[in-house]
Every structure is written in C-alpha cells, then in structure tokens.
Amino acid sequence: MNQFYKFVAILCLVFTTASFSYAQQDFQGKAYYQTKTTMDLDNWGGRQMSEQQKKQIMERMKSMLEKTYVLTFSQTESTYKEEEKLEAPGSGRGFGMMGSFTGGAQYKNIKDKQMLQEQEFFGKQFLIVDALKDLDWELSGETRQIGQYMCFKATAVKTVDEFDWTSMRRRSDRNKENETKEQSKDSLKVETDSTATNSTGKDFMSEIEVPKEITVTAWYTPQIPVNNGPGEYWGLPGLILEINADRTTMLCSKIVLNPSEKDEIKKPSKGKEVTRDEYNTIMKQKMEEMREMYGGRGGRGGGRGR
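When you line the sequence shown up against mature numbering (1 follows the signal peptide of the UniProt record, and there is no 0), it's residues -23 to -1, 1 to 283, in that order.
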C-alpha cells in the first residue's frame, strides 16, 4: 500500500509539473528562507553563567543566528541575499570576527556550475569565485508537506569549509591533547617557526574545531522543477524548500512564482577576485597578525612599537 501511495504521489506531481509553464525564457521565482543556527553556550564556557546571562547573550547574538534570505531564481541562475533590515543596538554584529565569516550576496549559475560570492573582510571587498560543488544526493521515497508543496527527502555527506562558523565548536580537551602530541613530534619546527601558536594557546582558531564532514538532509519539491536551493545547495529534481545541516536549519516560508516585477539576476563584479582557498589563506594571515599584535606578553603586543 505504501508503494502504491508513493507511485500515485509521484504521478500527481508529474501532472502538476507538466501543467506549469516553466518553458518561457523569462520565468522567475522568489523563495524566502528563515535560517536558524543553534549554539550551545555551555560548550563555550557558559557553564559558569546564570540562565539570565545566557539569555542576554543569546538575545545579542540573535541577529547573527537567525536571518531571512531571499533566493531569486530562474531556470539556470540565482542570487541568494540576506533580507535587509534595521538591527537593534548591541546586536550580534559586535561579536568580533564572527561577522566576517558570514558571506555577502551569492550568485549561482547551474548551467556553468559556477558560484560567486561577495565578501567584505576588515574593510576590504572580495569576490570569491568557486566551482559549484556537486553533492552525492541519496534520494528517498519519504515525503512531507511544506506549505502547499509535496516534498521528498534527500541526504548527502558534505565536506565542511574550515571557516564555516555555523559548524564551529570549542575544541575538546582530548583533541587539544592529541594536537599537542602531534606538535611535540616536530619541536624544532615549533621553536623556529615565528607563526606557531603562542604558549598561551588563546588565539581564536586554536580554541575551535570544525568537523571535516556533516550529513545534510534536504526536502525538495518537484512541483517547482528547478535545480536550485538556498545557499550553496542545489542538484535535486526540484526546488529545495528545507535544509538541515549540522546545527543550521533553512526553511522556506514563502514562494512567489513569476512576480509582476522581476529582479535582474546578474553576476556580482565588485571586489578583488580570489578563490575560496585564497580567501581562507588571507583570513588566516590576518588572524596571525591580530594574534601577534594583541596576543603577546601582557596582551599588548609585547611592547611593540608604533
């Protein structure tokens, strides 16, 4: 009976899809996504905080952890931008470098398998040029309703970027111990390398870790047969309406097909053009500069001159 139901559901979707006029060249749609990332403050030393203190911190970080994005898409291209809104004083933008990990406007070209992303970092504008990475999606017959759309489940294992702040967590004591043992095997290099982690071990990147891989769950609808989705996600036979990736959920809350006023989908062009690896290297170098400036003896740069 379950197999029969799945067959009927797919058949209905095929007929629904066939009746939709996606053939026109100027087809466009907009999908609005509510994104939310959870954070375990206890993992970041919050065990000593009161519940009131935790609540205040989470409220300040809300604008960084909860966002609304708009995916403007055609059959082959899309832009993914954060919806502009006024921020309350003292919101998450003030949390040091964390804001620098959040990318700007993102452009995807499904046909050419290209992804471009604007990124501002310490006052400098960059344009990150990358190939659109394929995910080996495993399709499932499991279904659920999201709004008026019948959605199907798909899962994939994704390699995580080393500066993906949504998956960052405090390094466990066991991992710190293993890393220390590895570093001690090459003590000569540690002593002579001026960029090695200082003895305090309190620079930002030494305190965190990012998993190499995570499992991603997607819910897509063949009723909107475009090969696209929020963020870097794509590659399924229908628009992706929900993504669950580690501690982050992206859920579509509204869809507008063929709006009366269409937005031009164009490639971003501002900023220094770099690859993702080159941009990550730039970030590492800047962090080293900051560590040397503020992480020296006495926390004042070791008496460094002006």
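Don't be surprised by glycine CBs; every beta carbon is placed ideally from N, CA and C.
Predicted, not measured: the structure shown is a model, and the values here were computed from it.
What whole-angstrom Cβ distance do Gln5 and Thr49 have, given they're in contact under 8 Å? Taking the sequence shown and counting its residues from 1, the one referred to as residue 5 is at position 28. Taking the sequence shown and counting its residues from 1, the one referred to as residue 49 is at position 72. At roughly 7 Å, the Cβ-Cβ gap stays under 8 Å, so Gln5 and Thr49 are in contact.
### Task
Please name the residue in Lys13, Glu139, Gln200, Pro245 whose C-alpha comes closest to that of Glu190.
For the purposes of this step, residue 190 is taken as the residue at position 213 of the sequence shown. Comparing Cα positions, the closest option is Glu139.
Checklist line | Cβ pair Arg224, Thr15 closer than 8 Å | finding: Counting from one through the sequence shown, the residue named residue 224 turns up at place 247. Counting from one through the sequence shown, the residue named residue 15 turns up at place 38. Closer than 8 Å, so yes.
Self-check item: Cβ neighbours of Pro207 in the same chain (closer than 8 Å, five flanking residues each side left out)
Solution: For this step, residue 207 is matched to residue 230 along the sequence shown. Once the five neighbours on either side are set aside, the close Cβ partners of Pro207 are Ala8, Tyr10, Thr12, Tyr46, Leu48, Tyr57, Ile217, Ile220, Met227, Cys229.
**Asked** Shortest alpha-carbon distance to Glu59 belongs to which of Gly124, Glu250, Gln94?
**Response** Stepping through the sequence shown from its first residue, residue 59 is reached at position 82. For the residues Gly124, Glu250, Gln94, the minimum Cα distance to Glu59 belongs to Gln94.
| query | Are the CB atoms of Tyr256 and Ile105 nearer to each other than 8 Å? | reply | By one-based count along the sequence shown, residue 256 stands at place 279. By one-based count along the sequence shown, residue 105 stands at place 128. Cβ atoms of Tyr256 and Ile105: closer than 8 Å.
Report the option in Gly81, Glu43, Glu238 whose CA atom is closest to the CA atom of Pro245.
For this step, residue 245 is matched to residue 268 along the sequence shown. Ranking Gly81, Glu43, Glu238 by Cα distance to Pro245 puts Gly81 first.
query: Taking the beta strand (DSSP E) that Leu218 falls in, what are its first and last residues?
result: Within the sequence shown, residue 218 is the residue found at index 241, counting from 1. Segment 216 to 222, the beta strand (DSSP E) holding Leu218.
**OP:** Out of Glu61, Ser55, Ser51, point me to the one whose CA is closest to Glu43's CA.
**Re:** On the sequence shown, position 66 is the one that residue 43 refers to. Among Glu61, Ser55, Ser51, the Cα nearest to that of Glu43 is on Glu61.
DSSP puts Val106 in a beta bridge; with which residues? Within the sequence shown, residue 106 is the residue found at index 129, counting from 1. DSSP lists Leu93 as partners of Val106.
(request) Determine the DSSP secondary structure at Asn257, reduced to helix, strand or coil. (result) On the sequence shown, position 280 is the one that residue 257 refers to. Three-state DSSP puts Asn257 in a helix.
- prompt: From Cys128, Ser55, Lys101, pick the residue whose C-alpha is nearest to that of Gln200; which is it?
  reply: The residue given as residue 200 occupies position 223 in the sequence shown. If we check each option's Cα against that of Gln200, Cys128 comes out closest.
Point to revise | Euclidean distance between Cα positions of Gln125 and Glu97 | key: Sequence index remark: in the sequence shown, residue 125 carries index 148 (1-based). Sequence index remark: in the sequence shown, residue 97 carries index 120 (1-based). Distance from the CA of Gln125 to the CA of Glu97, rounded to the nearest whole angstrom, comes to 38 Å.
| said: Considering only their Cβ atoms, is the gap separating Thr192 from Val134 smaller than 8 Å? | reply: Taking the sequence shown and counting its residues from 1, one reaches residue 134 at position 157. Taking the sequence shown and counting its residues from 1, one reaches residue 192 at position 215. Contact flag set, yes.
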